[in-house]
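Scroll down for the structure; my scribbles are underneath it.
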Amino acid sequence: MVSRPRRITDVPRSSARVPFALAAALFLTACGGGVQGTPGAPGVRDPYFPRAGNGGYDVTHYGLALSYDPGSRELTGRAEITARATQDLSAFNLDLKGLDVGSVSVEGRGARWNRTGQELTVRPPGDLDRGETFHVRVGYSGTPETITDPDGSEEGWLRTADGALALGEPTGSAAWFPGSHHPGDKASYDIAVTVPAGLRAVSNGELRSETSGRGRSTFRWHTAEPMASYLAMVAIGRYDIRRSTTKSGLPLYVAVDPAEAKASAKVLARLPEILAWEEDAFGPYPFSAAGAVVDDADGVGYALETQTRPVFPGAPDTATLVHELAHQWFGDSVTPDSWQDMWLNEGFATYAEWLWEEEHGGDTADETFDALYRGDYYDDPASGEAVWAFPPARPSGAAHISDSPVYERGAMVLHKVRETVGDTAFRRIVRGWAAAHRHGNAGTADFTAYVEKKAPDRDFDVIWRDWLYGDGRPSRP
Ligand code: TRP
Ligand code: ZN
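To convert, take the position in the sequence shown, counting from 1, and add 728; that gives this note's numbering.
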């Protein structure tokens, strides 16, 4: 697990394999071109995680080949990254936390590289031209780390009783593969995972193949639709697998740790029903596969909306299943521009729970809103007060992006919009928003502009000012 930081002038092992004549030729070509590339930025200036992601290129595809042995806890990985340069590049960064890098190549040629903290800086043998598509290959290994977030929750590579669970919100994906780990850079994925025979590996998207030999099994997963890296997932262990197809033809793949099978059977049986209800509310399901993973992961205190296949650290309740499936539209398909726009994920997923309640014999969204506004939604007054700690669109710090102003008060913003436009127009806005930014990214200003465009005769100024951006509890419900 030792990874010594290198200075950029160090010549890494891999460079020794590039014949001198070739290296010299490349050097001359790069210089002879006249255009001087510059290094890509080490982050994309996210207001909450400034080092997340990287400047100078966009990833279009990740091909990951991972091999993991729960006994030794050793991960061996090869990442093949396809990217497009957005500037003339002399160097670029990848985000990688821990692990040992063994080799880096760009366009099949050994590249120089060095590491500083979570940044892996790669210097290709020649400059990359703006607009050029290039391929990076990184070989790495080691014991992947569990990362503790600013808010104290754990992500990255997590051990379970019979294997491991890899989760990445907001930055944990850097613990298991090098990449541009910011929600603004979405890509397609092929994830192949090799594990000891008897275990299974589950990931996002469609299972393309499952092969065994020499005491090991390999599972190849494919995600065609753009995915933010924080939504990539791998679950390794023993699982009961249930495959089925919904009435609308969507393939479901549900993996359940046998220890959680009994407790989760009833709620998981409602998965098709919940998806159908959400399609009705939010529009067509945005991906070509769906499902869930229920693991036995005591240390993980949260469920996560990993793309096509949300992860639950134990048997979920119906509300949590509704919430994580709603994220497939809000968060996974329409992904926030930055971690500041987190309320667009959590406000919508929370509001989905309120709507589900309302339409299934529980409290109306209006009643839920009122209880939150009065302060008796929670049993303890401190939690009631915490809803007003900061405005949904301006979390008070990286440690607070999953606090209740983002979730509950975010949902309250949506309820205010609904009140203002009426139920029919609200439905149109919710479905239209999901359609307008399907498979893309969007920020808070896009949302307010969209709502205003769809209801030009209504005034939203007070909602945006007091509910979305304003400090404290707004004076009127
Ligand atoms: N997104 C998860 C959910 O509500 C919760 C969560 C897990 C989270 N890890 C996080 C939120 C890290 C913010 C940051 O479904
Ligand atoms: Zn959520």
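Just so it is clear, CB atoms sit at the ideal spot from N, CA and C, and this is done for glycine as well.
Pairwise C-alpha distance: Ser-869 and Ser-743 | Caution applies to Ser-743, whose pLDDT of 38 falls short of 50 and renders its modelled position unreliable; the value that the coordinates give is listed next. Distance between the alpha carbons of Ser-743 and Ser-869 is about 19 Å.
Which residues, in chain order, sit with a beta-carbon under 5 Å away from any heavy atom of the ligand ZN?
-> Glu-1074, Ala-1077
Check whether the Cβ of Tyr-1030 lies closer than 7 Å to any heavy atom of the ligand TRP, and answer yes or no.
-> yes
For His-1055, does the count of other Cβ atoms within 10 angstroms reach 16, so buried, or fall short, so exposed?
-> Its Cβ being crowded by 16 or more others within 10 Å, His-1055 is buried.
Kindly indicate the opening and closing residues of the alpha helix (DSSP H) around Leu-999.
-> Counted as a single uninterrupted DSSP element, the alpha helix (DSSP H) harbouring Leu-999 occupies residues 999 to 1010.
Three-way DSSP call (helix, strand, coil) for Ser-901 in this model = For Ser-901, the secondary structure class from DSSP, reduced to helix, strand or coil, is helix.
Let me know if Arg-942 comes out buried or exposed under the rule of 16 or more other beta-carbons within 10 Å of its beta-carbon.
-> exposed
Contacts around Glu-1007, its chain only, beta-carbon distance under 6 Å, and the 5 residues preceding and following it disregarded = Tyr-1013
For Ser-957, the three-state DSSP class (helix, strand or coil) = helix
Bridge partners of Gly-941, per DSSP?
-> For Gly-941, DSSP records a beta bridge to Arg-944.
Which value, in whole angstroms, describes the spacing of the CA atoms of Leu-1100 and Ser-800?
-> 48 Å
Give me the Cα-Cα distance between Arg-843 and Ala-1127, rounded to the nearest whole angstrom.
-> 26 Å
Compare the Cα-Cα distances from Leu-978 to each of Asp-968, Ala-956, Ala-1018 and report the closest residue.
-> The shortest Cα separation from Leu-978 among Asp-968, Ala-956, Ala-1018 belongs to Ala-1018.
Which one of Glu-802, Tyr-776, Pro-798, Asp-816 has the shortest CA to CA distance from Phe-786?
-> Reading the sequence as shown, one finds Asp at residue 786 and not Phe. Looking at the Cα atoms, Asp-816 is the closest of the given residues.
Taking 7 Å as the cut-off, does the CB of Glu-883 come closer than this to any heavy atom belonging to the ligand TRP?
-> Correct: Glu-883 has its Cβ closer than 7 Å to the ligand TRP.
Rounded Cβ spacing between Leu-1053 and Glu-897 (contact assumed at less than 8 Å) = Actually they are not in contact, since the Cβ atoms of Leu-1053 and Glu-897 sit about 16 Å apart, beyond 8 Å.
How many Å lie between Asp-1098 and Pro-1205 at the Cα?
-> 7 Å
Option in Gly-765, Thr-849, Asp-879, Lys-1144 with minimal Cα separation from Pro-1123 = Ranked by how close their Cα comes to the Cα of Pro-1123, the residues Gly-765, Thr-849, Asp-879, Lys-1144 have Asp-879 in first place.
Tyr-1275 - DSSP class collapsed to helix/strand/coil = The requested residue 1275 does not occur in the structure, where the chain is confined to residues 729 to 1205.
Taking Cβ positions, are Met-1070 and Ile-1157 nearer each other than 8 Å?
-> no
Given Leu-1015 as reference, the closest of Arg-998, Val-1028, Val-1022, Thr-1034 once Cα atoms are compared | The sequence shown places Phe at residue 1015, rather than the Leu named in the question. Of Arg-998, Val-1028, Val-1022, Thr-1034, the residue nearest in Cα terms is Thr-1034.
By Cβ distance below 6 Å, which residues in the same chain neighbour Thr-1096 in space, the five residues on each side in sequence not counted?
-> Trp-1082
Nearest-angstrom Cα distance between Ala-1084 and Leu-999?
-> The sequence shown places Trp at residue 1084, not Ala. The alpha-carbon atoms of Trp-1084 and Leu-999 are separated by roughly 13 Å.
Closest by CA to Ser-818, which one among Tyr-790, Pro-1202, Gly-765?
-> Gly-765
When you compare each of Ala-793, Asp-855, His-950 to Arg-865 by their alpha carbons, which one comes out closest?
-> When each option's Cα is compared against that of Arg-865, the closest is Ala-793.
Counting Cβ pairs, one atom from each stretch, are 3 or more of them under 8 Å apart for the region 1063 to 1080 and the region 1135 to 1153?
-> yes
Hey, is His-910 close to the ligand TRP, as in C-beta under 7 Å from one of its heavy atoms?
-> no
Hey, out of Asp-857, Ile-809, Ala-1110, Thr-946, whose CA is closest to Val-867's CA?
-> Just to set this straight, residue 867 is Gly in the shown sequence, not Val. Of the listed residues, the one whose Cα sits closest to Gly-867 is Ile-809.
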